[in-house]
């Protein structure tokens with residue numbers, strides 16, 4: 034045995050490269066239905082006390098479901114391969130998913146929602162058997178009321194867009210209750226607010242008016258003055274917007290809308306940098322929403338299930354989607370007597386936005402996250418997110434070819450940058466830089482269309498990432514920008530070490546080619562009948 038006692042740090046080791054070496058697994062894995070072979074089976078072990086239930090004839094299948102038939106090892110291999118091909122939130126420095134507030138979600142919270150007392154709940158259980166979960170809903174509502182300043186909060190929406198739609202539904206019901214439903218047919222939003230605001234208003238039948246930014250990067254207040262009037266139903270605005278700029282005149286915007294008889298609705302999907310610092314109601318807003326899968330650290334889960342939360346002022350409480358959770362008065366006042374929680378539907382509720390109560394696992398996760406941090410911790414989240422964002426801003430702004438529109442404006446939790454100069458010099462576009470960045474194990478998102486900021490890329494580091502993470506991410510962007518200058522074609526032909534492929538975007542705009550399922554794809558493009 035060696036008696037060598039020299040410190041490990043002084044041993045000869047291969048020095049690390051300037052950038053992390055990375056190569057994604059690439060399996061070219063088939064779709065699970067393509068792997069299926071008749072008669073193959075896995076091994077399933079039912080619970081020892083699982084009862085056999087005879088289904089009524091009216092709901093029993095006439096034929097077996099057309100499920101893929103695979104052995105157990107094939108199933109495990111298939112999903113492990115797919116997981117190795119995924120550049121997910123737990124795998125990379127995820128600051129590039131701008132506006133989505135991709136933060137680290139504590140794994141202990143996943144263990145909480147896997148507890149049978151949460152995971153095995155059924156939405157049709159009697160209230161008396163789910164008092165613990167109802168209490169969590171009630172307590173999280175009290176927290177969100179304090180954070181927003183609103184009178185009540187509904188946790189029923191299944192996502193941020195669903196929460197926005199709930200808000201527009203309440204706006205419509207409120208004006209209808211005052212006999213102005215037909216008159217107030219316009220909704221005002223801004224170019225750098227989330228597109229879901231305009232989309233939900235349009236789906237609800239409103240004419241949408243979009244305010245463009247002024248020379249300072251704020252929504253043009255003079256354009257708002259010209260737009261508001263007796264047809265105004267609401268202003269739906271994100272603040273800070275997706276540029277990371279906080280509108281210092283937001284109270285003036287709200288007041289102008291109120292003077293015209295409209296309502297002001299605050300999209301707080303970008304609230305990660307203002308937690309504990311500003312409140313929606315203090316600026317005069319009548320409605321707001323939060324994304325629990327963003328600001329409150331519940332997983333995005335590949336786009337769902339997410340969770341939204343709608344907050345309203347006292348005048349709009351009767352219109353909230355229901356049910357909501359109430360604490361029964363005087364219950365639990367005697368020593369040893371438990372508190373009692375019950376489900377109620379507000380008097381003039383717009384109805385359900387999703388089935389049942391809400392996305393319970395994400396409500397539990399959000400509650401656990403907030404309780405672990407406390408009020409001071411929530412403000413620290415915001416302060417750290419702002420610090421991280423401005424640190425990254427200083428590094429990216431020094432990369433030749435990158436620029437920061439409205440560079441003299443302070444930023445909150447994210448920045449929309451531009452590669453316009455680099456594109457003009459090299460012909461390499463923002464999307465191509467993002468694809469090349471994937472070769473280093475990171476990614477980024479460009480921005481919402483239309484590209485008002487030319488050749489955009491949007492970064493939002495949140496509070497979850499260290500200084501070393503931000504340094505590495507900025508170094509990757511600087512390296513790719515340098516490659517674009519030296520060998521543009523090399524960047525254009527990326528990726529080289531990733532599973533992502535370049536696709537022809539034409540099919541994305543052609544509904545005739547869309548296939549929402551494998552069986553639909555086979556019928557539409559393969560000429561094969563449904564299995």
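In our numbering, the protein residues as written are 34 to 564. We put the CB at the ideal spot given by N, CA and C, even for glycine.
1. What are the residues that DSSP puts in a beta bridge with residue 296?
2. Can you name, in chain order, every residue of its own chain whose Cβ lies under 7 Å from the Cβ of residue 434, other than the five neighbours on each side?
3. Pull up the distance between the alpha-carbon of residue 299 and that of residue 263, whole angstroms please.
4. Count the C-beta pairs between the stretch 266 to 275 and the stretch 212 to 229 that are closer than 8 Å, then say yes if the count reaches three, no if not.
5. Check whether the Cβ atoms of residue 142 and residue 402 sit closer than 8 Å, and answer yes or no.
6. When you compare each of 130, 93, 310 and 555 to residue 333 by their alpha carbons, which one comes out closest?
7. Between the Cα of residue 568 and those of 492, 508, 160 and 127, spot the shortest distance and give me the residue it belongs to.
8. Which one or two residues does DSSP pair with residue 322 in a beta bridge?
9. Who are the Cβ neighbours of residue 384 in its own chain at under 7 Å, not counting the five residues just before and after it?
10. Can you tell me the Cβ-Cβ gap for residue 467 and residue 481, rounded? I've got them flagged as a contact below 8 Å.
11. Give the DSSP bridge partners of residue 220, in chain order.
12. Going along the chain, which unbroken runs of the beta strand (DSSP E) with 3 or more residues stay wholly within the stretch 90 to 164?
13. Suppose the cutoff is 6 Å on Cβ atoms and the five residues either side in sequence are ignored; what does the same chain contact list for residue 386 look like?
14. Quick one: what's got a C-beta closer than 8 Å to residue 258's C-beta in the same chain, skipping five residues either side?
15. Do you know how far the Cα of residue 70 is from the Cα of residue 327?
16. Go ahead and pull the three-state DSSP assignment for residue 448.
17. Compute the Euclidean distance between the alpha carbons of residue 39 and residue 499, then round it to the nearest angstrom.
18. Using only alpha-carbon positions, find the residue among 370, 225, 502 and 404 that is nearest to residue 174.
19. Can you tell which of 369, 342 and 201 has the C-alpha that lies nearest to the C-alpha of residue 239?
20. Anyone know if the C-beta pair for residue 66 and residue 101 falls short of 8 Å?
21. Would you give the residue range spanned by the alpha helix (DSSP H) that residue 228 belongs to?
22. Between the alpha carbons of residue 225 and residue 187, how many angstroms are there, rounded?
Result, derived from the coordinates:
1. Residue mapping note: residue 296 aligns to position 263 of the chain shown, counting from 1. DSSP lists 267 as partners of residue 296.
2. For this step, residue 434 is matched to residue 401 along the chain shown. The residues are 452, 454, 455, 458 and 514.
3. As a first step, residue 299 must be located in the chain shown, where it is residue number 266. As a first step, residue 263 must be located in the chain shown, where it is residue number 230. Taking the Cα positions, residue 299 is about 21 Å away from residue 263.
4. yes
5. By 1-based counting over the chain shown, the position of residue 142 is 109. By 1-based counting over the chain shown, the position of residue 402 is 369. A contact, by the Cβ cut-off of 8 Å.
6. By 1-based counting over the chain shown, the position of residue 333 is 300. Of the listed residues, the one whose Cα sits closest to residue 333 is 130.
7. This structure cannot settle anything about residue 568, because the visible part of the chain is limited to 34 through 564.
8. Sequence index remark: in the chain shown, residue 322 carries index 289 (1-based). Paired residue(s): 300 and 343.
9. By one-based count along the chain shown, residue 384 stands at place 351. Correct list, in chain order: 354.
10. In the chain shown, residue 467 corresponds to position 434, counting from 1. In the chain shown, residue 481 corresponds to position 448, counting from 1. With 8 Å as the limit, residue 467 and residue 481 do not qualify as a contact, their Cβ atoms being about 15 Å apart.
11. Along the chain shown, one-based indexing puts residue 220 at 187. In DSSP, residue 220 forms a bridge with 241 and 267.
12. none
13. Here residue 386 is taken as the residue at index 353 of the chain shown, counted from 1. Once the five neighbours on either side are set aside, the close Cβ partners of residue 386 are 189, 190, 195, 199 and 354.
14. Looking up residue 258 in the chain shown gives position 225. Cβ neighbours of residue 258 within its own chain (closer than 8 Å, five residues either side excluded): 289.
15. Translated into the one-based positions of the chain shown, residue 327 becomes position 294. Translated into the one-based positions of the chain shown, residue 70 becomes position 37. Taking the straight line joining both Cα atoms gives about 41 Å.
16. Counting from 1 along the chain shown, the entry for residue 448 is found at position 415. In this structure, residue 448 counts as strand in the three-state DSSP scheme.
17. Here the question's residue 39 lines up with position 6 in the chain shown. Here the question's residue 499 lines up with position 466 in the chain shown. Bear in mind that the predicted position of residue 39 carries a pLDDT of just 49, short of 50, making it unreliable; the figure below should be weighed with that in mind. C-alpha separation (whole angstroms): 31 Å.
18. Working through the chain shown from its first residue, we reach residue 174 at position 141. Looking at the Cα atoms, 404 is the closest of the given residues.
19. Within the chain shown, numbered from 1, the residue matching residue 239 stands at position 206. The candidate whose alpha carbon is nearest that of residue 239 is 201.
20. The count along the chain shown starts at 1 and reaches residue 66 at position 33. The count along the chain shown starts at 1 and reaches residue 101 at position 68. For residue 66 and residue 101, yes; Cβs fall inside 8 Å.
21. Locating residue 228 in the chain shown gives position 195, counting from the first residue. 228 to 236 is the extent of the alpha helix (DSSP H) around residue 228.
22. Here residue 225 refers to the residue found at position 192 when the chain shown is read from its first residue. Here residue 187 refers to the residue found at position 154 when the chain shown is read from its first residue. C-alpha separation (whole angstroms): 26 Å.
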